[in-house]
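Participant: The structure that follows is given in the form of structure tokens.
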Amino acid sequence: MLAPRKKLWSTPDTVIAKAIAWVPLQPGDLVGDVGCGD
């Protein structure tokens, strides 16, 4: 890890919910999680 720290932070559930509401997903769509890049 390039910037070590004592606690790892996750994306808040409220942000995830807003992102899902913002993107018009349809059945059959694929969603990928690119992660943090480490």
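Position one of the sequence shown corresponds to residue -16 (this note's numbering), numbered consecutively onward.
Quick reminder that beta carbons are idealized off the backbone N, C-alpha and C, glycines included.
It should be emphasised that the depicted structure is a prediction, and the values quoted were computed from it without experimental measurement.
#1: Alpha carbon to alpha carbon, how far is residue -5 from residue -11? Give it in angstroms, no decimals.
#2: Is DSSP giving residue -11 helix, strand or coil here?
#3: Alpha carbon to alpha carbon, what distance is there between residue -1 and residue -7?
#4: Can you give the Cα-Cα distance for residue 16 and residue 9, rounded to whole angstroms?
Facilitator: This is what the structure holds:
#1: Residue -11 and residue -5: Cα-Cα distance of roughly 18 Å.
#2: In the structure shown, residue -11 adopts coil according to DSSP, grouped into three states.
#3: Rounded to the nearest whole angstrom, the C-alpha separation of residue -7 and residue -1 is 10 Å.
#4: Cα to Cα, residue 16 sits roughly 17 Å from residue 9.
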